[in-house]
Amino acid sequence: MNEIEYLADRLIKEASVLRVSDIHIVPRKDDAAVRFRLDGLLMEKEVLTKEICDRLITHFKFLAGMDIGERRRPQSGAMETKQQGEIIHLRLSTLPTSYDESLVIRLLPQNLFLPLSQLSLFANAAKTLLSLFQQPQGLIIFTGPTGSGKTTTLYTLLRVCQSKWNRNVITLEDPVEKRIDNILQVQINEKAGITYANGLKAALRHDPNIIMIGEIRDAETAKIAVRSSMTGHLIASTMHTKNAVGAIYRLREFGIPLHDIEQTLLAVTAQRLVDLVCPFCGEHCSPFCRKHRHIRRAAVHELLYGDALSDAIQSVQNGRKTYRYYTLQNVIRKGVALGFLPPRLLCAKEGENE
Numbered sequence: 001m002n003e004i005e006y007l008a009d010r011l012i013k014e015a016s017v018l019r020v021s022d023i024h025i026v027p028r029k030d031d032a033a034v035r036f037r038l039d040g041l042l043m044e045k046e047v048l049t050k051e052i053c054d055r056l057i058t059h060f061k062f063l064a065g066m067d068i069g070e071r072r073r074p075q076s077g078a079m080e081t082k083q084q085g086e087i088i089h090l091r092l093s094t095l096p097t098s099y100d101e102s103l104v105i106r107l108l109p110q111n112l113f114l115p116l117s118q119l120s121l122f123a124n125a126a127k128t129l130l131s132l133f134q135q136p137q138g139l140i141i142f143t144g145p146t147g148s149g150k151t152t153t154l155y156t157l158l159r160v161c162q163s164k165w166n167r168n169v170i171t172l173e174d175p176v177e178k179r180i181d182n183i184l185q186v187q188i189n190e191k192a193g194i195t196y197a198n199g200l201k202a203a204l205r206h207d208p209n210i211i212m213i214g215e216i217r218d219a220e221t222a223k224i225a226v227r228s229s230m231t232g233h234l235i236a237s238t239m240h241t242k243n244a245v246g247a248i249y250r251l252r253e254f255g256i257p258l259h260d261i262e263q264t265l266l267a268v269t270a271q272r273l274v275d276l277v278c279p280f281c282g283e284h285c286s287p288f289c290r291k292h293r294h295i296r297r298a299a300v301h302e303l304l305y306g307d308a309l310s311d312a313i314q315s316v317q318n319g320r321k322t323y324r325y326y327t328l329q330n331v332i333r334k335g336v337a338l339g340f341l342p343p344r345l346l347c348a349k350e351g352e353n354e
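The sequence shown: position 256 = 256 (the UniProt record's numbering), numbered continuously.
Here's what the structure looks like:
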């Protein structure tokens, strides 16, 4: 094993042990930085010379089946590695910069699944979500920014639905992040004609109970999803909106009539990952603290369903801007009051809502 192979193996191994989500290799004027994204925070791990950085990126590109001679265009690739008996899928992405080519590696552990008991900071949210997935038909939408844990939540709920109730589950994903036994997972490939809309049409002919759409991106997908949820199928998907009620406005932007939304939409949940107060370090805990590595962050959910959802739809129809439901800010305030969450989170959320 030469110097570059050893360095690449060491970085992947250290990132795996620390449960890092992304490795960034960033060229600078005189050197290059290796950064780890750990629990949402990006921190510098080490500094490389320009030569070592160039050779390291070339090595990763070769392993991922990318064109090592092409440095002027963005590329993407994938590979798998095994660390301490655990299979980890790596998604690689290069981007030309003013200094040189940069590389980001996303780590996706294939054997790491969150149990239902750890799905949410408050157990009642997980129980409510699971009960909604027992419905025979309808549309459930998960909202939140990138990295908020929407896919992890969906995977956990779908695994329970398949194993506990023996449901036929089909997912349409771009990309497939984790392979799950007994669930049919379809990789979206627009070049091959497999779009969310076309994939959904095909999945409906495959006798599904539940269909998970990675993201409702356009009007065509939104209309097919709503239509499918009217014909005896449970559809779960994600959107990028600031809060739960924002999903209603987004569906309207996609041309979905309000009466169709009222008939099909079962629930909307807005999700965030928040830092927990460390019982050993207090509020200001080092990201490398190993005392409670598995519980450094937790998900909080803003759930909009039942009468509160009906009221929100009516508010949208009447042009009102007031909604009566338990918001993320309320959930975070409860977590702070109970000592689970640091007070700075509440200050940040209140600042966002001003």
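Every residue, glycine too, gets a C-beta built ideally from N, C-alpha and C.
Keep in mind it's a predicted model, so treat the numbers as computed, not measured.
Who does residue 66 pair with in a DSSP beta bridge?
-> Answer by DSSP bridge pairing: none, since residue 66 is not bridged.
Local conformation of residue 283 per DSSP, three classes = coil
Can you give the Cα-Cα distance for residue 132 and residue 183, rounded to whole angstroms?
-> 19 angstroms
With DSSP collapsed to three states, give me the class of residue 347.
-> helix
Candidates 277, 171 and 185: which alpha carbon is nearest residue 332's?
-> 277
Under a Cβ-count criterion, where at least 16 other Cβ atoms within 10 Å of its own Cβ denotes burial, should residue 271 be classed as buried or exposed?
-> buried
Would you call residue 150 buried or exposed, if buried means 16 or more other Cβ atoms sit within 10 Å of its Cβ?
-> buried
Excluding five sequence neighbours on each side, which residues of the same chain lie with their C-beta closer than 7 angstroms to the C-beta of residue 153?
-> 119, 142, 271 and 299
Name the one or two DSSP bridge partners that residue 113 has.
-> Partner(s): none; residue 113 has no beta bridge.
Under 8 angstroms between the Cβ atoms of residue 309 and residue 138?
-> no
Helix, strand or coil at residue 271 according to DSSP, with G and I counted as helix = strand
At least three beta-carbon pairs within less than 8 angstroms, the stretch 41 to 53 to the stretch 86 to 96 | no
Can you round the beta-carbon distance between residue 213 and residue 172 to whole angstroms, since I take them to be within the 8 angstroms contact cut?
-> 5 angstroms
Taking the alpha-carbon positions, what's the residue 89 to residue 280 distance?
-> 32 angstroms
Evaluate residue 117 with the Cβ neighbour count: other Cβ atoms within 10 Å of its Cβ, from every protein chain shown; 16 or more gives buried, anything less gives exposed.
-> exposed
Can you pull the DSSP bridge partners for residue 171?
-> 185 and 212
Own chain partners of residue 289 with C-beta closer than 8 angstroms, once the 5 adjacent residues on each side are dropped | 278, 280, 281 and 296
Kindly list the residues whose CB is nearer than 8 angstroms to the CB of residue 243, restricted to its own chain and excluding five residues on each side of it in sequence; keep chain order.
-> 143, 270, 302, 327 and 328
Residue 138 in three-state terms, based on DSSP | strand
How many Å lie between residue 321 and residue 304 at the Cα?
-> 15 angstroms
Report the three-state DSSP secondary structure of residue 120 (helix, strand or coil).
-> coil
Decide yes or no for the touch test of the stretch 73 to 89 against the stretch 104 to 112: beta carbon pairs closer than 8 angstroms, at least 3 of them.
-> yes
Nearest CA to the CA of residue 274: which residue from 122, 210 and 201?
-> 122
Beta-carbon separation of residue 239 and residue 224 under 8 angstroms?
-> no
In its own chain, which residues sit with a C-beta less than 8 angstroms from the C-beta of residue 313, not counting the 5 before and 5 after it?
-> 248, 258, 261, 262 and 265
Going by C-alpha distance, which of 115, 75 and 124 is nearest residue 103?
-> 75
Should residue 178 be labelled buried (16 or more other beta-carbon atoms within 10 Å of its own) or exposed?
-> buried
Can residue 15 and residue 56 be called in contact, C-beta distance under 8 angstroms?
-> no
Consult DSSP for residue 93 and reduce its assignment to one of helix, strand or coil.
-> strand
Exposed or buried, residue 42, counting other C-beta atoms within 10 Å across all chains shown (16 or more means buried)?
-> exposed
If you check the beta carbons only, do residue 228 and residue 204 fall under 8 angstroms apart?
-> yes
Please state if the CB of residue 22 and the CB of residue 54 are separated by a distance shorter than 8 angstroms.
-> no
At which residues does the beta strand (DSSP E) containing residue 235 begin and terminate?
-> 234 to 239
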